[in-house]
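See structure below.
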DNA sequence: CTTTATATTGAACATTCATTCAATATTATA
DNA sequence: TATAATATTGAATGAATGTTCAATATAAAG
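Chains as they are written, first to last, in the UniProt record's numbering: chain V, 1 to 200; chain R, 1 to 200.
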């Protein structure tokens, strides 16, 4: 029971950090502000996270865990039906709920840290490699993908997905947004249908 | 001549800001540090940029201007030969020099601000729309693109390019890097060759 | 040369920052 | 119950933050 307090407090602090970062931005969220938000002295926060760097590192773990949740609809169908429809994959990847799962502002702020912090870079790399491997495994389970280079396909699909999310963040006009999403979905469907990607 | 001092000082300050941001990160670069770096009192910086927000806004202008420079090899060939080879386009878009033109860490840190600042978001949107329009114009000039939906193609090509740059930032292993770049280049070539993109 | 506008300086401001520390309260273990 | 470990508090630290201001230097315009 002793450990419980420690872990739940840590979770509470990270979540408070995240919530305030969504509102004010990562760079404007101080330890004092988190403390005020959670009704907790700053010294208690530093008891659990000795430095700000450690605190941020844990926030990134938290965000990357959330990031993985986009896969839930796919893995759910995989468990229930034993295999996954390609349409479900594409629709899941481009679903707007993904965007609602976590805040893009915080996500990209944290991402920007990879350029000056090797540990964070590695964390991001591992996550993104994992995502592609998962997709490869799913594709390998589909009879339509027989004989295709699924590893390459997974890379190519995700580059479209991530490029799309990056770009679409700037698009405000809903009609414009929908048109572009349709472009990118078709692009992915074309990739998955293509015969040019067959293995040697 | 009076105006000259003002503009050159402003340029000096923004460049100093940028340089320090590359090293220490945008969020760790204060006005005092810029002043020390340029041997200049902080008050002089605030004379030209009354608030930090304005300073950042100008830094973003500076970065986005640099971003546009990736197009130089293409526009150069366009001026010299009257038309552009598709290979030159793809190779230019994926050239490593692009990465060296400006720092990705600063670029993504600034990008993260679009989620809490409409003005910055609009600036980013305008730039990215401009990039796509330029590519469309270039494609329209190519006989190989006759009858194709070049607007859509430009969108699809850039989503691959930007997704690739985002993803490749995390990749450290050079062999891995090259493999993936080859994937994404082929992906773009396939897009440009595809017959499925014909206009209605 | 005088006047006016701009450039530059250095000191000062309150505020916020991450972090430290010693003291106390709570809980788990023996 | 006594002891040891953890949880929590509140006050204090010095350094850094963005910003303001009045004073001075320099250059342009009349």
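Cβ coordinates follow ideal geometry from the N, Cα and C atoms, glycine included. Everything numeric in this text was worked out from a predicted model, so none of it was measured.
Is residue 150 (chain R) buried or exposed, if buried means 16 or more other CB atoms sit within 10 Å of its CB?
With 16 or more Cβ atoms within 10 Å of its Cβ, residue 150 (chain R) is classed as buried.
For a contact meaning CB atoms closer than 8 angstroms, what does residue 90 (chain R) contact in chain V?
Those do not exist, as residue 90 (chain R) stays about 14 angstroms from chain V at its closest Cβ, beyond 8 angstroms.
Can you tell me the Cα-Cα spacing of residue 134 (chain V) and residue 83 (chain V), whole angstroms?
The straight-line gap from Cα to Cα measures roughly 13 angstroms.
Assuming contact is defined by CB atoms lying nearer than 8 angstroms, are residue 62 (chain R) and residue 114 (chain R) in contact in what I supplied?
No, the Cβ-Cβ distance between residue 62 (chain R) and residue 114 (chain R) is not below 8 angstroms.
Suppose you measure from the CA of residue 128 (chain V) to the CA of residue 23 (chain R); what does that come to, to the nearest Å?
Near 26 angstroms, if we compare the C-alpha coordinates of residue 23 (chain R) and residue 128 (chain V).
Would you kindly work out how many angstroms separate the C-alpha atoms of residue 163 (chain V) and residue 31 (chain V), rounded to a whole number?
Approximately 33 angstroms between the Cα atoms of the pair.
Within a Cβ cutoff of 6 angstroms, which residues of the same chain sit near residue 92 (chain R), ignoring the five residues on either side of it in sequence?
Counting only Cβ-Cβ distances below 6 angstroms, and skipping sequence neighbours, we find 73 and 74.
Pull the bridge partners of residue 11 (chain R) from the DSSP assignment, please.
Per DSSP, none; premise fails for residue 11 (chain R).
For residue 155 (chain V) versus residue 132 (chain V), is the C-beta spacing smaller than 8 angstroms?
Yes.
Cβ atoms of residue 118 (chain R) and residue 60 (chain R): under 8 angstroms apart, would you say?
No.
Would residue 184 (chain R) and residue 157 (chain R) be called neighbours here (beta carbons separated by less than 8 angstroms)?
No. Outside cutoff.
How about residue 71 (chain R): is its C-beta nearer than 8 angstroms to some C-beta of chain V?
Chain V contact via Cβ: absent.
Is there a C-beta anywhere in chain R that falls below 8 angstroms from the one on residue 145 (chain V)?
Judged by the 8 angstroms Cβ criterion, residue 145 (chain V) is not in contact with chain R.
Over what stretch of residues does the alpha helix (DSSP H) that includes residue 57 (chain R) continue unbroken?
Run containing residue 57 (chain R): 52 to 68, per the alpha helix (DSSP H) assignment.
Cα separation between residue 10 (chain V) and residue 45 (chain V)?
Rounded to the nearest angstrom, the two C-alpha atoms are 8 angstroms apart.
To the nearest whole angstrom, what separates the beta carbons of residue 17 (chain V) and residue 68 (chain V), a pair I think is in contact under 8 angstroms?
So it is not a contact: roughly 19 angstroms between Cβ atoms.
Whose C-beta lies closer than 8 angstroms to the C-beta of residue 109 (chain V) among residues of the same chain, with five residues either side of it excluded?
Excluding positions up to five away in sequence, the list reads 21, 25, 26 and 27.
Taking residue 35 (chain R) as part of the alpha helix (DSSP H), name the residues at either end of that continuous run.
Taken as a continuous stretch (DSSP letters only), the alpha helix (DSSP H) holding residue 35 (chain R) covers 31 to 38.
Please name the residue in R:36, R:76 and R:7 whose C-alpha comes closest to that of residue 49 (chain R).
It is R:7.
I'd like to know if residue 21 (chain V) contacts chain R, where contact means its C-beta is closer than 8 angstroms to some C-beta of that chain.
It does not: the Cβ of residue 21 (chain V) has no partner Cβ on chain R nearer than 8 angstroms.
Starting from residue 46 (chain R), follow the alpha helix (DSSP H) in both directions and report where the run begins and ends.
Segment 42 to 48, the alpha helix (DSSP H) holding residue 46 (chain R).
For the alpha helix (DSSP H) containing residue 115 (chain V), list its first residue and its last residue.
Neither: residue 115 (chain V) is in no alpha helix (DSSP H) and is coded neither H nor E.
Taking buried to mean at least 16 other C-beta atoms within 10 Å of its own C-beta, is residue 105 (chain V) buried or exposed?
Buried: at least 16 other Cβ atoms inside 10 Å.
So, does the CB of residue 37 (chain V) fall closer than 8 angstroms to a CB anywhere in chain R?
With 8 angstroms as the cut-off, residue 37 (chain V) does not count as an interface residue toward chain R.
Quick check: the Cα distance between residue 40 (chain R) and residue 64 (chain R), rounded to an integer number of angstroms?
Their Cα atoms are separated by approximately 26 angstroms.
Taking the alpha-carbon positions, what's the residue 188 (chain V) to residue 191 (chain R) distance?
Those two C-alpha atoms are separated by around 11 angstroms.
Report back the beta-carbon spacing between residue 94 (chain V) and residue 181 (chain V) to the nearest angstrom; my notes put them in contact at under 8 angstroms.
Indeed they touch by this definition, with Cβ atoms about 6 angstroms apart.
Which residues in chain V have a C-beta closer than 9 angstroms to the C-beta of residue 184 (chain R)? List them in chain order.
In chain order: 155, 156 and 159.
Going by the beta-carbon positions, is the gap between residue 70 (chain V) and residue 101 (chain V) smaller than 8 angstroms?
Against a cut-off of 8 angstroms, the Cβ pair of residue 101 (chain V) and residue 70 (chain V) comes out as a contact.
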